[in-house]
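Colleague: In the UniProt record's numbering, the protein residues as written are 1 to 343.
Cβ coordinates follow ideal geometry from the N, Cα and C atoms, glycine included.
All figures in this text were calculated on a predicted structure; none of them were measured in a lab.
Below you will find the structure I want to go over with you.
Spelled out as structure tokens, the structure:
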């Protein structure tokens with residue numbers, strides 16, 4: 001049974017060894033007398049070595065502060081002996097630009113590798129065979145298979161149709177003929193597309209801005225509502241804008257979009273339109289938090305904060321014995337129902 005199991009170990013790139021002066025991602029395996037032995041994660045964990053003299057440009061006071069077993073980081077390739085399999089690496093010669101480029105490439109390659117490995121495991125085929133027929137040709141054609149996979153999320157046929165091979169056959173007349181056939185079977189195609197769409201379909205980002213808005217004129221609430229409508233009108237189909245009251249005079253504007261820059265731009269315009277509308281009636285708008293991408297945790301904290309304010313407001317409004325009445329200038333606006341003032 002074990003003998004028939006597919007091989008699921010393979011390097012990420014077609015080249016068996018990295019090039020000299022190339023930054024590669026490694027994981028430290030153990031530390032010896034002369035240096036550290038590491039695994040090159042993009043090259044099926046082949047072994048390399050970082051001499052202690054290549055750890056830092058400064059005098060080394062403590063090796064453990066510079067390199068630790070299990071750490072994953074980019075290093076520079078100094079020498080490659082393909083015959084003996086020796087790879088000498090340097091940590092001190094890798095620049096910030098090299099580190100950034102290596103991390104970006106590795107993260108893309110790791111995602112591609114994870115998808116390819118899952119398909120190979122699911123269909124019980126060798127991972128290297130999958131790379132030979134699909135992965136490495138896509139690296140050659142698109143610069144990185146990740147770029148091809150991004151296209152395949154919406155248009156897989158435009159990518160996979162280019163993956164063909166020539167097959168020689170003997171015709172009815174005994175002459176040898178060459179036929180071109182697709183490399184990717186329907187079974188592999190279906191599994192690959194399913195995994196790519198599951199792992200790479202973009203998720204919308206939530207963009208949020210926090211503002212304070214006040215208008216102490218007569219019908220101030222109506223002027224604020226009109227300004228809020230102006231803000232929401234700045235949205236579009238791809239970036240709809242919503243504005244909600246947290247507690248007077250604090251409001252939040254939100255939008256959801258696949259394009260972070262577009263979302264920030266739309267909310268910035270919404271704030272500008274809202275500012276213009278409220279200032280026509282001598283109101284004021286102050287930006288407390290500029291438009292930025294927020295996480296689910298931020299949303300949860302906002303919801304908790306709004307719930308607390310509602311409870312506090314209910315307790316205050318029920319205190320009829322209070323000698324002083326706080327002047328909020330406009331009261332609470334019910335954005336959703338369009339109700340008036342709660343005093």
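#1: Please go through the same chain and pick out, in chain order, the residues whose beta-carbon is closer than 8 Å to the beta-carbon of residue 85, but skip the five residues on each side of it.
#2: Which same chain residues, not among the five before or five after residue 290, have their C-beta less than 7 Å away from its C-beta?
#3: From the DSSP secondary-structure annotation, give me the bridge partner or partners of residue 81.
#4: Among the candidates 207, 239, 281, whose CA atom is the shortest distance from the CA of residue 296?
#5: Go through its chain and collect everything with a Cβ distance to residue 151's Cβ below 7 Å, but skip five positions before and after it.
#6: Which residue's Cα is closest to the Cα of residue 131: 305, 270, 8?
#7: Where does residue 338 fall in DSSP's three states?
#8: I'd like to check one pair, residue 212 with residue 282: are the Cβ atoms closer than 9 Å?
#9: Near residue 197, what residues of its chain come up, given a Cβ to Cβ distance below 6 Å and the 5 sequence neighbours on each side ignored?
#10: With distances taken from CA atoms, which of 165, 263, 143 is nearest residue 345?
#11: For residue 249, which option in 267, 287, 87, 14 has the closest C-alpha, if you only look at C-alpha atoms?
#12: Mapping the DSSP letters down to three states, classify residue 207 as helix, strand or coil.
#13: Once the 5 residues before and after residue 94 are set aside, which same chain residues still bring their CB inside 6 Å of it?
#14: Just to confirm the assignment: which complete alpha helix (DSSP H) runs, minimum length 4, are found wholly within the segment 107 to 138?
#15: Closest by CA to residue 102, which one among 42, 57, 80, 237?
#16: Select from 174, 156, 173, 180 the residue whose C-alpha is nearest the C-alpha of residue 167.
#17: Cβ atoms of residue 63 and residue 49: under 9 Å apart, would you say?
#18: Pairing CB atoms from the segment 225 to 239 with CB atoms from the segment 268 to 279, are three or more of them under 8 Å?
#19: Cutting at 7 Å between CB atoms, please list the residues of its own chain near residue 137, excluding the five before and the five after it.
#20: Hey, how far is the Cα of residue 308 from the Cα of residue 252?
#21: Distance, Cα to Cα, residue 242 vs residue 254?
#22: Among 224, 6, 116, 27, which one has its Cα closest to the Cα of residue 245?
#23: How about residue 92 and residue 55: are their beta carbons less than 9 Å apart?
#24: What's the call for residue 72, buried or exposed, on a 16-neighbour Cβ count within 10 Å?
#25: On the three-state DSSP scale, how would you describe residue 27?
#26: Since residue 243 sits in a beta bridge, which residues does DSSP pair it with?
#27: Using three-state DSSP, classify residue 212 as helix, strand or coil.
#28: For a test of the three-state rule: what should DSSP assign to residue 263, helix, strand or coil?
#29: On the DSSP bridge assignment, give the partners of residue 180 in chain order.
#30: Which one of 117, 44, 141, 303 has the shortest CA to CA distance from residue 188?
#31: Could you name the residues that DSSP lists as bridge partners for residue 289?
#32: Helix, strand or coil for residue 73 per DSSP?
Modeller: Quick answer:
#1: Here residue 85 corresponds to residue number 85 of the chain shown, with the count starting at 1. Excluding residues within five positions, the ones whose Cβ falls inside 8 Å are 46, 47.
#2: Your numbering for residue 290 matches position 290 in the chain shown. The residues are 209.
#3: Counting from 1 along the chain shown, the entry for residue 81 is found at position 81. According to DSSP, which records beta bridges pairwise, residue 81 is partnered with 86.
#4: Taking the chain shown and counting its residues from 1, one reaches residue 296 at position 296. Of the listed residues, the one whose Cα sits closest to residue 296 is 207.
#5: Position 151 of the chain shown holds residue 151. 158, 159, listed in sequence order.
#6: In the chain shown, counting from the first residue as 1, residue 131 sits at position 131. Of 305, 270, 8, the residue nearest in Cα terms is 8.
#7: Within the chain shown, numbered from 1, the residue matching residue 338 stands at position 338. Only weak support exists for where residue 338 lies, its pLDDT of 43 falling under 50; the value from the coordinates is given anyway. Reduced to three states, the DSSP call for residue 338 is coil.
#8: Here residue 282 corresponds to residue number 282 of the chain shown, with the count starting at 1. Here residue 212 corresponds to residue number 212 of the chain shown, with the count starting at 1. No, these two residues do not count as a Cβ contact at 9 Å.
#9: Walking along the chain shown from the start, residue 197 turns up at place 197. If we look at residue 197 and ignore the five residues flanking it on each side, its Cβ neighbours are 153.
#10: One cannot answer for residue 345 here, as it falls past the ends of the chain, which runs 1 to 343.
#11: Mapped onto the chain shown, residue 249 falls at position 249. The residue with the shortest Cα to Cα distance from residue 249 is 287.
#12: Here residue 207 refers to the residue found at position 207 when the chain shown is read from its first residue. Strand, per DSSP.
#13: Reading the chain shown from its first residue, position 94 is the one you call residue 94. If we look at residue 94 and ignore the five residues flanking it on each side, its Cβ neighbours are 23, 74, 75, 76.
#14: 127 to 130
#15: Counting from 1 along the chain shown, the entry for residue 102 is found at position 102. Here the closest residue by C-alpha is 42.
#16: Position 167 of the chain shown, counted from the start, is the residue given in the question as residue 167. Among 174, 156, 173, 180, the Cα nearest to that of residue 167 belongs to 180.
#17: Reading the chain shown from its first residue, position 49 is the one you call residue 49. Reading the chain shown from its first residue, position 63 is the one you call residue 63. Cβ distance not < 9 Å, so residue 49 and residue 63 don't count as in contact.
#18: yes
#19: For this step, residue 137 is matched to residue 137 along the chain shown. Around residue 137: 163.
#20: As a working mapping, residue 308 is identified with position 308 in the chain shown. As a working mapping, residue 252 is identified with position 252 in the chain shown. Approximately 16 Å between the Cα atoms of the pair.
#21: Sequence index remark: in the chain shown, residue 242 carries index 242 (1-based). Sequence index remark: in the chain shown, residue 254 carries index 254 (1-based). Between residue 242 and residue 254, the C-alpha separation is close to 5 Å.
#22: Taking the chain shown and counting its residues from 1, the one referred to as residue 245 is at position 245. Closest option to residue 245, Cα to Cα, is 224.
#23: Against the chain shown, residue 92 aligns to sequence position 92. Against the chain shown, residue 55 aligns to sequence position 55. Yes, they are a contact pair.
#24: Within the chain shown, residue 72 is the residue found at index 72, counting from 1. It is exposed - the Cβ of residue 72 has fewer than 16 other Cβ atoms within 10 Å.
#25: Along the chain shown, one-based indexing puts residue 27 at 27. If DSSP states are grouped into helix, strand and coil, residue 27 belongs with the strands.
#26: Start at 1 with the first residue of the chain shown, and residue 243 comes out as number 243. The partner list for residue 243 (beta bridge, DSSP) reads 253.
#27: Here the question's residue 212 lines up with position 212 in the chain shown. Looking at residue 212 - three-state DSSP - the assignment turns out to be strand.
#28: Indexing the chain shown from 1 puts residue 263 at position 263. Helix at residue 263.
#29: For the purposes of this step, residue 180 is taken as residue 180 along the chain shown, with counting starting at 1. 166.
#30: Translated into positions along the chain shown, residue 188 becomes position 188. With distances taken between Cα atoms, residue 188 lies closest to 117.
#31: One-based indexing of the chain shown puts residue 289 at position 289. DSSP output for residue 289 lists 210 as bridge partner(s).
#32: Residue numbering aside, residue 73 sits at position 73 when the chain shown is read from its first letter. It is a strand residue.
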